[in-house]
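A quick write-up on the structure given underneath.
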Ligand SMILES: Cc1ncc(COP(=O)(O)O)c(C=O)c1O
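In the working numbering, the protein residues as written are 45 to 304.
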C-alpha cells in the first residue's frame, strides 16, 4: 500500500512518464505476443469451450470486481447495448445520458430503439444530478452516467435520484476501467457496468468490452443480446430471443488483457 502519493512527495510508482498516443498498445511486448501464440497453438478458439480464454477472463473479472456475473463482448458499445437490453430497456423508453461523452454512449441507446435524453454535466465531468432530475419524464427507464477520463461522476447523488424515481442505472465505465468510487469499482454500484477494452484504454486488446452485474436476469438477457444462437444452449427463454446481432469476442483478448 502506498503511504504518500507522488504528488504529495511520495515515491512515484511510474518513473518513465506516461506513453503518448494509444495507451493500451503502447505497453504491448513479448508477454502478450507469447500469450496469444499459446492460444493459437492450443486451437481452443471457441468462446464456450471448456477452459476457454473468454470464460477465464469473465471469471477473473468477477473475482476482481466482486460481482456475480461478467460477460465479455467485442466492444464497449456492444457492452452498453447488451447491458441496456439486459435491463429490459427498449422501444418507447427514454434513457438519460450526459452531454459530454463519446458518441458511442448515445449511439448504444439509439441502437436498442430508445431515445437518449441529454442532461448537463457538472465539474465532476459526469452527469449533474439536479439536471438529471429535471429531464425525467413518464418514459424514463434508466440513467446512463459516464465516468469520463478516469474520473468517477457523482455516483451517490445519481443513485438517490434513481431510487426516488424507480430508475435503473447503467454505468458507462469505458474510460474508467478499474476506477473506484468510495472504495467500490465503478460499474458495480448501478444495475450494470460496461468496460471498453479498445486501443485507447488503460488495458487494451484492440477491440473488446465487458458487461458486469450482480443481477442474473440482466446477465442472462445480455448474453442473449450478445449471441443470437443462445437459444441453442438455454432452451426455455423464448422471450429473450434477439434477431441478428452478434457481439461475441475472440479468445485472443484475454491473454493480452491478463498480461497487462
Ligand atoms: C465513454 C465511452 N463510452 C463508450 C465507448 C465505446 O467503446 P468501444 O470503442 O469499445 O465501442 C467509448 C470508447 O472510447 C467511450 O469513451
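Positions of the beta carbon are idealized from the N, C-alpha and C atoms, including for glycine.
Annotated as proximal: residue 97 and residue 298, with beta-carbon spacing under 7 angstroms. Remark: the shortest separation between the CB of residue 218 and any heavy atom of ligand 1 falls under 6 angstroms.
With contact defined as three or more Cβ pairs closer than 8 angstroms, the segment 240-258 and the segment 119-129 are in contact. For residue 227, the three-state secondary structure derived from DSSP is coil. Runs of beta strand (DSSP E) with 3 or more residues, each lying fully within the segment 130-174, are found at 138-142, 159-163, listed in chain order. In summary, residue 56 is exposed, with fewer than 16 beta-carbon neighbours lying within 10 Å of its beta-carbon over all protein chains present.
Around the CB of residue 101, 16 or more other CB atoms lie within 10 Å, so the residue is classed as buried.
Within the same chain, Cβ atoms closer than 8 angstroms to the Cβ of residue 224 are found at 196, 230, the five residues on either side in sequence being excluded. Spatial neighbours of residue 232 in its own chain (CB-CB distance under 6 angstroms, excluding positions within 5 residues in sequence) are listed in chain order as 109, 111. The Cβ atoms of residue 66 and residue 243 sit closer than 7 angstroms to each other. Straight-line measurement puts the Cα of residue 59 at about 48 angstroms from the Cα of residue 273. It is roughly 7 angstroms from the alpha-carbon of residue 187 to the alpha-carbon of residue 141. Around residue 212, the same chain offers 131, 186, 235 as residues with beta carbons nearer than 6 angstroms, after the five sequence neighbours per side are excluded. Put simply, the backbone Cα of residue 166 is about 30 angstroms away from that of residue 61. Distances between the C-beta of residue 268 and the heavy atoms of ligand 1 are all 6 angstroms or more. A residue is called buried once 16 or more other Cβ atoms fall within 10 Å of its Cβ, and residue 219 is buried on that count.
Per the coordinates, the alpha-carbon of residue 304 lies some 8 angstroms from the alpha-carbon of residue 71.
For residue 236, the Cβ stays outside the 6 angstroms cut-off from all heavy atoms of ligand 1. Closest by C-alpha distance to residue 222, out of 237, 209, 183, is 237. The Cβ atoms of residue 138 and residue 159 lie closer than 7 angstroms to each other. The beta carbon of residue 143 is closer than 8 angstroms to those of 162, 163, 164, 165 in its chain, skipping five residues each way along the sequence. Relative to the Cα of residue 170, the nearest Cα in the group 264, 193, 181 belongs to 193. Just so you know, the alpha carbons of residue 113 and residue 300 end up roughly 21 angstroms apart.
Contact between residue 122 and residue 291 holds: CB atoms are separated by about 4 angstroms, below the 8 angstroms threshold. In the three-state reduction of the DSSP assignment, residue 195 falls in the coil class, being assigned neither a helical nor a strand state. Rounded to whole angstroms, the Cβ separation of residue 156 and residue 120 is 15 angstroms, and the two are not in contact under 8 angstroms.
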